[in-house]
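Using this note's numbering, count along the sequence shown one by one with no gaps and you end on 397. This report refers to the structure that appears directly beneath it.
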Amino acid sequence: MKRILLTMLFTSSAVLASTFIGNGGQTGDVELAVSLKQVRAAVERIEMLKQEQPEKRYCVCPENYADHALCEIINKLNEDQLKYCDRFVVIQLQKLARASQTTQFEWVQSTMVNQNKIGERVVDAVAQKDKKLIYIDQEKFVDLTQSKRMFLLTHELFHMDTFDGKNLDDEDPIGPFKYQYGVRDLLNAAAAGITLTSIDETVFQDYTKYLSQSRSTKRHWFSVMTPSTSLQDSIKTRFDTEMSRGSRFSYQYQFPNLFNFGLTLHLQSQGGDKSIFTSTKIKQKQNITAVGATYRYFIFNTMDPFSHFWNTFVQFEVLTERLDANFDMSDGYSNAQSSASSTNLAGRISLYFPMKHDFWINTGVHFSDHKVSFPEFDYNLTSNSPTFFLGVAYGL
């Protein structure tokens, strides 16, 4: 992955970053929205605890979570530092809540490197207080556990305000943290304490269910559908056969952060048979291969991202479709066969409804204009009528 200095990032963010807008259109949007909800819920719960248990401490490891990874941060502190951390949490709570509402976020697709007094350090996020903006490494944030995401976000949001009239810069000493990077250790401890308190008070878990929602940001999509290109005998000759068997499969690659465009491949197989004149049997089979481009439009992108159908989308597809048709007629003594093919443009409009765990229901209409002829039998088929389809999709 490309490495960039933060000074470069701040001068060329249009190239390297994309804004979080909260509608799930990008990788990590759901995780970030959930983390923000968890931070706000933690603030509300701690405000209640301040009234119910005035002596409660927050920069401690709850007994039930003593082996949690975040406890390592708190366990390194001495008693003076722990008391100072408790005071910091209580004073900064409302500032934290305000920052979670007013701060903007931008995803960064490159490794961020912070250049400081003692060298370079790779960071997962960086805050710019003057712009009320936090840059987040998109890939790393998604890979973090839920608690680590909330911890990281809380730490960065603390930078958006002051404490005792001073800016909170990681490199500075503060209170009993009397050494370089004292502020960083204080913010880490406070963020860990708030996260662990939210877990212990179960407000953290209230929002984890939203992480099971199906994501439109997946790159690889697999669908199984009912057939959606059906040839018809417009004059209803005796050879007209109901194509009662078949299915359509599609694979789609969705470009990451590229204006909702993608590429797709479709494969369809369909067949049917019938009897005429008592002993004569007819079998027909049609195979389709199609490739094309897709575009998505999110119809509810202004809805609350925690409503179930908030990332429902319409997908438009333009395809080049190859159809191969086979006709077989047999009376038990002789057999006659014929084949024909057609290549033409086709179009699809699909509506995708999110379910759970990256499964989707998709339905829509397919348009094509194929014409095939079997001159040996004076039999002609066309597909110039729209076909409706229903299927299930999975994003990976």
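For each residue, glycine too, the CB sits at the ideal point set by N, CA and C.
Span separating the alpha-carbon of residue i from that of residue j
| i | j | result |
| --- | --- | --- |
| residue 360 | residue 231 | 27 Å |
| residue 315 | residue 349 | 10 Å |
| residue 204 | residue 55 | 19 Å |
| residue 395 | residue 62 | 40 Å |
| residue 268 | residue 393 | 15 Å |
| residue 397 | residue 363 | 16 Å |
| residue 27 | residue 142 | 13 Å |
| residue 100 | residue 128 | 11 Å |
| residue 275 | residue 263 | 40 Å |
| residue 332 | residue 213 | 56 Å |
| residue 22 | residue 291 | In this prediction, residue 22 has a pLDDT of 48, which is less than 50 and means its spatial position is unreliable; nothing more can be read from the coordinates. |
| residue 31 | residue 235 | 50 Å |
| residue 356 | residue 217 | 11 Å |
| residue 386 | residue 206 | 51 Å |
| residue 164 | residue 48 | 18 Å |
| residue 53 | residue 97 | 21 Å |
| residue 183 | residue 176 | 8 Å |
| residue 24 | residue 191 | Reliability of the predicted coordinates at residue 24 is poor, the pLDDT of 47 falling under 50, and no value is obtained from them. |
| residue 256 | residue 265 | 11 Å |
| residue 172 | residue 185 | 7 Å |
| residue 86 | residue 140 | 30 Å |
| residue 322 | residue 354 | 26 Å |
| residue 346 | residue 250 | 18 Å |
| residue 277 | residue 238 | 11 Å |
| residue 84 | residue 303 | 43 Å |
| residue 325 | residue 382 | 12 Å |
| residue 365 | residue 388 | 8 Å |
| residue 159 | residue 352 | 42 Å |
| residue 75 | residue 82 | 9 Å |
| residue 122 | residue 157 | 16 Å |
| residue 138 | residue 149 | 14 Å |
| residue 116 | residue 215 | 38 Å |
| residue 210 | residue 132 | 32 Å |
Cβ separation of residue i and residue j, assumed to be a contact under 8 Å, to the nearest whole Å
| i | j | result |
| --- | --- | --- |
| residue 178 | residue 169 | The Cβ separation is near 11 Å, so there is no contact. |
| residue 247 | residue 270 | 6 Å |
| residue 136 | residue 109 | 5 Å |
| residue 104 | residue 153 | Not quite, the Cβ-Cβ distance comes to about 13 Å (not below 8 Å), so this is no contact. |
| residue 279 | residue 330 | Not confirmed; about 14 Å, so no contact. |
| residue 424 | residue 46 | Within the shown structure, residues of the chain are numbered from 2 to 397, placing residue 424 beyond reach of any answer. |
| residue 384 | residue 233 | 7 Å |
| residue 286 | residue 327 | 5 Å |
| residue 36 | residue 161 | No, residue 36 and residue 161 are not in contact; Cβ-Cβ is about 15 Å, not under 8 Å. |
| residue 33 | residue 106 | 6 Å |
| residue 242 | residue 283 | 6 Å |
| residue 367 | residue 343 | No, residue 367 and residue 343 are not in contact; Cβ-Cβ is about 15 Å, not under 8 Å. |
Residue interval of the alpha helix (DSSP H) (run including residue i)
| i | result |
| --- | --- |
| residue 153 | 147 to 159 |
| residue 75 | 72 to 76 |
| residue 313 | From DSSP, residue 313 is part of no alpha helix (DSSP H); its letter is neither H nor E. |
Opening and closing residue of the beta strand (DSSP E) in which residue i lies
| i | result |
| --- | --- |
| residue 349 | 336 to 355 |
| residue 274 | 262 to 277 |
| residue 58 | Careful: residue 58 lies outside any beta strand (DSSP E) and carries neither H nor E. |
| residue 52 | Counting along the chain, residue 52 falls outside any beta strand (DSSP E), though it belongs to the alpha helix (DSSP H) covering 30 to 53. |
| residue 291 | 281 to 299 |
| residue 382 | 380 to 383 |
| residue 27 | That residue, residue 27, is in no beta strand (DSSP E); it is neither H nor E in DSSP. |
| residue 386 | From DSSP, residue 386 is part of no beta strand (DSSP E); its letter is neither H nor E. |
| residue 367 | 360 to 369 |
| residue 250 | 246 to 255 |
Residue i beta carbon near the ligand PLP (any heavy atom closer than 6 Å)
| i | result |
| --- | --- |
| residue 301 | Only the bare structure without any ligand can be found here, which leaves the ligand PLP out of the picture. |
**Asked** Is it true that the segment 192 to 207 meets the segment 64 to 80, where meeting means three or more beta-carbon pairs spaced less than 8 Å apart?
**Response** yes
**Prompt:** Does the pairing of the segment 290 to 298 with the segment 311 to 328 give three or more beta-carbon distances under 8 Å?
**Reply:** yes
**Message:** Quick check: the segment 86 to 94 against the segment 218 to 232, are at least 3 beta-carbon pairs closer than 8 Å?
**Reply:** no
**Request:** Count the C-beta pairs between the segment 303 to 313 and the segment 330 to 348 that are closer than 8 Å, then say yes if the count reaches three, no if not.
**Result:** no
**Request:** List in chain order: all unbroken beta strand (DSSP E) runs of 3+ residues lying wholly within the segment 164 to 241.
**Result:** 221 to 226
**Asked** So does the segment 205 to 224 actually touch the segment 371 to 379, counting three or more Cβ pairs closer than 8 Å?
**Response** no
**Asked** Enumerated in chain order, which unbroken segments of the beta strand (DSSP E) with a length of 3 residues or greater are wholly contained in the segment 96 to 138?
**Response** 105 to 109, 112 to 117, 120 to 124, 126 to 129, 134 to 138
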